[in-house]
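Under our numbering, think of the first position of the sequence shown as 15, with each following residue one higher.
All C-beta atoms, glycine included, are put in the ideal place defined by N, C-alpha and C.
The structure appears right after this line, and notes come after that.
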Amino acid sequence: MKTLVIPDIHNHVDWIEPALIEYHKQFQYDEVVFLGDYFDNFHDTPFIAAKTATWLKNSLSQPNRVHLLGNHDMPYMCPGNASQWCPGFTAEKSRVINSTISVAEWAKLRPAYYSNDWLFSHAGIQEVLIPYNPNGMLGPEELVRVAEQELEKVKRGLESPLFMPGARFGQKNIGGLTWCDWEDEFIPYPYVNQMVGHTPGSYPRAQHLPHSKNYCVDCSATVVLITDGNAEFIRKPSKKTKSDPVIEDDEI
Numbered sequence: 015m016k017t018l019v020i021p022d023i024h025n026h027v028d029w030i031e032p033a034l035i036e037y038h039k040q041f042q043y044d045e046v047v048f049l050g051d052y053f054d055n056f057h058d059t060p061f062i063a064a065k066t067a068t069w070l071k072n073s074l075s076q077p078n079r080v081h082l083l084g085n086h087d088m089p090y091m092c093p094g095n096a097s098q099w100c101p102g103f104t105a106e107k108s109r110v111i112n113s114t115i116s117v118a119e120w121a122k123l124r125p126a127y128y129s130n131d132w133l134f135s136h137a138g139i140q141e142v143l144i145p146y147n148p149n150g151m152l153g154p155e156e157l158v159r160v161a162e163q164e165l166e167k168v169k170r171g172l173e174s175p176l177f178m179p180g181a182r183f184g185q186k187n188i189g190g191l192t193w194c195d196w197e198d199e200f201i202p203y204p205y206v207n208q209m210v211g212h213t214p215g216s217y218p219r220a221q222h223l224p225h226s227k228n229y230c231v232d233c234s235a236t237v238v239l240i241t242d243g244n245a246e247f248i249r250k251p252s253k254k255t256k257s258d259p260v261i262e263d264d265e266i
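Here you go:
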């Protein structure tokens, strides 16, 4: 099983489709997981947002692709829920995005996804934000179900701790799965390997415990290939190089 992971996009969509063709030739991946934040970047416009929305609409129709939700996507999916406001959001961009992405298409985006021995979300699932479970710790599939249940609350206009900002913009000490800051808030969930984006950096960052591996991969030059649970970090294609060096996860 091979999973290709694409971190935060923020309107930079032109490279994606050609790169996916090349990566499939090289690695024969089985699925692609996008970690969210398709929209918003500095000084973008409704025209740029419309272009991104068109790419996303097409990508949502492709087989073997999983699209997760980021904090910069939530306010466009739930424009009536004030708890989901995020810097960069504008009503003008929301109008053009939602004239392209239908409610049924928004419903295809997921809060979390488990595959290939990894739990994927935009920013990470923290134990302290999970509703009390009398049976103890939850497994990754159960965490995904909880995330899906909490997302339905947000879609109905309610608040959920699992989708609230952390210390940067909110009143909570720990951000939810679209907001958790890797440097200051992320705490590994026992016995669950997590891979997230959200917190930008120059290179992938790791928090390894005896019972789990955890990576933040929001860096502009890298995508991730997971083969039977083992992560490799691949530099994005450039015009200067025809091949992509691969970095083993133990080197991070």
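{"Asked": "Closer than 7 Å to chain C by CB, residue 167", "Found": "You won't find chain C in this structure, because it holds only one protein chain."}
{"Asked": "DSSP state of residue 17 mapped onto helix, strand, coil", "Found": "strand"}
{"Asked": "With 16 other Cβ atoms within 10 Å as the buried cut-off, status of residue 91", "Found": "buried"}
{"Asked": "C-beta contact flag for residue 63 and residue 107 at 7 Å", "Found": "yes"}
{"Asked": "Simplified DSSP assignment, three categories, for residue 197", "Found": "coil"}
{"Asked": "Classification of residue 182 by the beta-carbon crowding that lies within 10 angstroms, buried from 16 upward", "Found": "exposed"}
{"Asked": "Residue 98 beta carbon near the ligand NAP (any heavy atom closer than 6 Å)", "Found": "In the structure shown, the ligand NAP is absent, as is every other ligand, since no ligand is present at all."}
{"Asked": "Residue from 48, 26, 77 with nearest C-alpha to residue 65", "Found": "26"}
{"Asked": "Start-to-end residues for the beta strand (DSSP E) that takes in residue 45", "Found": "45-48"}
{"Asked": "Backbone secondary structure at residue 209 - three-state DSSP", "Found": "strand"}
{"Asked": "Simplified DSSP state of residue 188, which is helix, strand or coil", "Found": "coil"}
{"Asked": "Cα-Cα separation, residue 256 to residue 223", "Found": "Here the model assigns residue 256 a pLDDT of 43, short of 50, so the residue's position is not dependable, and the following value carries that caveat. Rounded to the nearest angstrom, the two C-alpha atoms are 36 Å apart."}
{"Asked": "Residue 31 - containing beta strand (DSSP E), residue span", "Found": "Taken as a continuous stretch (DSSP letters only), residue 31 belongs to no beta strand (DSSP E), being part of the alpha helix (DSSP H) at 30-41."}
{"Asked": "Inter-stretch contact (C-beta, 8 Å, three-pair minimum) for the segment 123-142 and the segment 191-201", "Found": "yes"}
{"Asked": "Bridge partner(s) assigned by DSSP for residue 119", "Found": "None; residue 119 has no bridge partner."}
{"Asked": "Reference residue 160, options 150, 145, 71, 40, closest by Cα", "Found": "145"}
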